[in-house]
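> Sequential numbering from 2 applies to the sequence shown in my numbering.
Ideal placement from N, C-alpha and C gives every residue a C-beta, glycine not left out.
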Amino acid sequence: MPLVEDGPVGRSGELARIEALLDRVAKDHASVVVVAGEAGVGKSTLLEAAVDRAAQRGFAVALGRCAPSQSPPYWPWPRVFRALCGSTGPFAIASKGRAALFAAGADCLEQASAERPVFIAVDDLQWADESSLALASYLAAAGAGLPIGLAFGVRDDAGERSPPLTSWLAELPADVVHLSLGGIDRSAAFDLVRSVLGRVSRLPSRSRRGSGRSSPATWPV
Ligand SMILES: Nc1ncnc2c1ncn2[C@@H]1O[C@H](COP(=O)(O)OP(=O)(O)O)[C@@H](O)[C@H]1O
Ligand SMILES: [Mg+2]
2 MPLVEDGPVG RSGELARIEA LLDRVAKDHA SVVVVAGEAG VGKSTLLEAA
52 VDRAAQRGFA VALGRCAPSQ SPPYWPWPRV FRALCGSTGP FAIASKGRAA
102 LFAAGADCLE QASAERPVFI AVDDLQWADE SSLALASYLA AAGAGLPIGL
152 AFGVRDDAGE RSPPLTSWLA ELPADVVHLS LGGIDRSAAF DLVRSVLGRV
202 SRLPSRSRRG SGRSSPATWP V
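1) Identify whether G14 lies in helix, strand or coil by the three-state DSSP scheme.
2) Whole alpha helix (DSSP H) runs in the segment 12-50 with 4 or more residues, listed along the chain?
3) Mapping the DSSP letters down to three states, classify F82 as helix, strand or coil.
4) Determine the contact status of V62 and A55, defining contact as a CB-CB distance below 8 Å.
5) Would a C-beta distance cut-off of 8 Å place G11 and I121 closer than the cut-off?
6) So, A105 versus P118, is the Cβ gap smaller than 8 Å?
7) For the alpha helix (DSSP H) holding R162, just list the boundary residues, first then last.
8) Am I right that L64 and E15 are in contact with their C-beta atoms under 8 Å? What's the rounded C-beta distance?
9) With three or more C-beta pairs closer than 8 Å as the rule, is the segment 73-91 touching the segment 33-47?
10) Return yes when at least one heavy atom of ligand 1 lies under 7 Å from the C-beta of L193, else no.
11) Indicate the three-state DSSP secondary structure (helix, strand or coil) for R58 in the structure shown.
12) In the structure shown, what three-state DSSP assignment does G106 receive?
Given below as structure tokens:
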């Protein structure tokens, strides 16, 4: 559960850059943003807010996540294609090989983007396998000139970066937007604490004290 319900606190600069990217995408300028930072700094929260903003603007949106440690091949992508192209998606023809799968993935994005702009977020790229990264690169290149935005979340910790991910990051197009998240500033941290305390004080007093049984109280954060 998110700490606050109204989206990220203290990320107005990053959200403004994402809004600017959505403006560009809506004008048929395919764009890529990479959100990097250490674990817990707020990458997923920002990506989810970006997806929400895109949806509010009428984009077709999809959010995929890599599975912890080492994702199986293509792990985040079927969910993305399902969201954009219905239940079959390009993976229905995966048995025909990688080239056919990639081409079908690009077709899916092209068809979806013919209806309205598309925004795709793929989170936790530090766990992506090589095939998922290759598909991400292919789709980014195939989407040039189309209203397609791609956002990727990745941990900053070099120890978490596999050699394929390091090369993938190095080969991103020059115009990729890099958002390197640090901690939020003091006044945003104050807002965050106030918001969390506000939520706790709205809980029934029994929930705040715990159930009275020996198990510890759970807190909605
Ligand atoms: N800017 C923020 N405003 C409010 N809550 C935040 C913010 N950044 C992170 N959080 C909260 O902190 C926790 C960790 O954030 P998360 O986005 O999952 O981090 P990461 O994806 O970088 O590991 C979550 O509970 C999230 O709701
Ligand atoms: Mg995360």
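From the atom records:
1) Note: G14 maps to helix in three-state DSSP.
2) Counting only runs of 4 or more, we get 13-27.
3) Shown here, F82 sits in a helix according to DSSP, grouped into three states.
4) In this structure, V62 lies near A55, with their beta-carbon atoms less than 8 Å apart.
5) Their beta carbons are not under 8 Å apart, which means G11 does not touch I121 by this criterion.
6) Result no, Cβ atoms of A105 and P118 do not sit closer than 8 Å.
7) R162 -> no alpha helix (DSSP H), and no H or E assigned at all.
8) Contact between L64 and E15 is absent: CB atoms are separated by about 17 Å, not below the 8 Å threshold.
9) No, they do not touch.
10) Answer for L193: yes, Cβ within range of ligand 1.
11) Coil, per DSSP.
12) In the three-state scheme derived from DSSP, where H, G and I count as helix and E and B as strand, G106 is classed as helix.
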